[in-house]
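Enquirer: What the sequence shown shows, in the UniProt record's numbering, is residues 1 to 201, in sequence order. The beta-carbon is built from N, C-alpha and C at its ideal position, and this holds for glycine as well. Small disclaimer: the values here were computed from a predicted structure and weren't measured.
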Amino acid sequence: MTRKRATRKPQWQDHYTRQARKERYPARSVYKLAEIQKKHRVLAKGDRVLDLGCAPGSWLLYAAEQVGPGGSVLGVDLTPVTVQLPKQAQAIQGDIHTLQATAAQSLGSAFNVLLSDMAPATTGDRFGDAARSYELCRTALAVADELLQAKGHFVCKIFQGEDFKPFSDQVKARFDRMHIFKPQSSRKASREIFIIGLGKK
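(1) What did DSSP end up calling Gly199 once you bin it into helix, strand or coil?
(2) Let me know the beta strand (DSSP E) ranges lying completely inside the region 79-142, each 3 residues or longer, listed in chain order.
(3) Out of curiosity, what's the CA-to-CA distance linking Glu146 and Lys39?
(4) So, His153 versus Lys200, is the Cβ gap smaller than 9 Å?
(5) Taking Pro120 as the reference, which of Gly53, Ala34, Gly197 and Ala91 has the closest Cα?
(6) Mind checking whether Gln37 and Gln19 have CB atoms under 9 Å apart?
(7) For Asn112, which option in Val155, Ser185 and Ala55 has the closest C-alpha, if you only look at C-alpha atoms?
(8) Any idea if Arg48 is buried or exposed, counting beta-carbon neighbours within 10 angstroms, 16 or more meaning buried?
(9) Between which residues of its own chain and Leu148 is the CB-CB distance below 6 Å, once the five residues before and five after are set aside?
(10) Helix, strand or coil: which one does DSSP assign to Arg74?
(11) How is Val30 classed by DSSP in three states: helix, strand or coil?
(12) Since Asp47 is in the beta strand (DSSP E), which residue starts that stretch and which ends it?
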């Protein structure tokens, strides 16, 4: 009988997946936001945060920890969030295009921080996937134009492609400072990168 050799998972996946499970986060993506927070301090105690593409809930949980009981975090995603959330966090299932008014009403005023980890369902078509990622980023930036208060911060994931430079320029025009950041917890082969806008004009 021929024995199949066990497929060895990449070391990065083993480490971050195990760590997320140990710390009771639903996904390893939490460490990307943790790296962004460590370097750029986008979240502060008492902040009101909007998290777009929040499922399965790791960013929601981490943001809630950072803002504390005096802050609020609202997540929006087409996929339901089933993880138990602290009292300062809530998740709405739906399309951000139709929930902008609901989001504003839920926390009563503009947000201090907008996080977007939205990503399209990838097809293997690098150009098509990047184009769809750009459209999601444009949506996130439009929401920031409407709901992010002055001096607020913006974090958005985008797939690198021909629209990357135009989008980074759009963010740069709207914020005092713009940074491009690739977390160590991202796979080296991944084309995802984060654009960070600090201090909305």
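Expert: Per the coordinate set shown:
(1) For the purposes of this step, residue 199 is taken as residue 199 along the sequence shown, with counting starting at 1. DSSP places Gly199 in strand when its eight states are reduced to three.
(2) 89-93 and 111-116
(3) In the sequence shown, the residue the question calls residue 146 occupies position 146. In the sequence shown, the residue the question calls residue 39 occupies position 39. Computed Cα separation, rounded: 26 Å.
(4) For this step, residue 153 is matched to residue 153 along the sequence shown. For this step, residue 200 is matched to residue 200 along the sequence shown. Result yes, Cβ atoms of His153 and Lys200 sit closer than 9 Å.
(5) As a position in the sequence shown, residue 120 is number 120, starting the count at 1. That would be Gly53, whose Cα lies nearest to the Cα of Pro120.
(6) Counted from its first residue, the sequence shown places residue 37 at position 37. Counted from its first residue, the sequence shown places residue 19 at position 19. For Gln37 and Gln19, no; Cβs fall outside 9 Å.
(7) If you number the sequence shown from 1, residue 112 lands on position 112. Ranking the options by Cα distance to Asn112, first place goes to Val155.
(8) Translated into positions along the sequence shown, residue 48 becomes position 48. It counts as buried.
(9) If you number the sequence shown from 1, residue 148 lands on position 148. The answer, listed in chain order, is Phe111, Leu114 and Lys200.
(10) Within the sequence shown, residue 74 is the residue found at index 74, counting from 1. A small fix is needed here, since residue 74 is Leu in this sequence, not Arg. Three-state result, Leu74: strand.
(11) The residue you call residue 30 lines up with position 30 of the sequence shown. If DSSP states are grouped into helix, strand and coil, Val30 belongs with the helices.
(12) On the sequence shown, position 47 is the one that residue 47 refers to. Unbroken run through Asp47: none, as it is neither H nor E.
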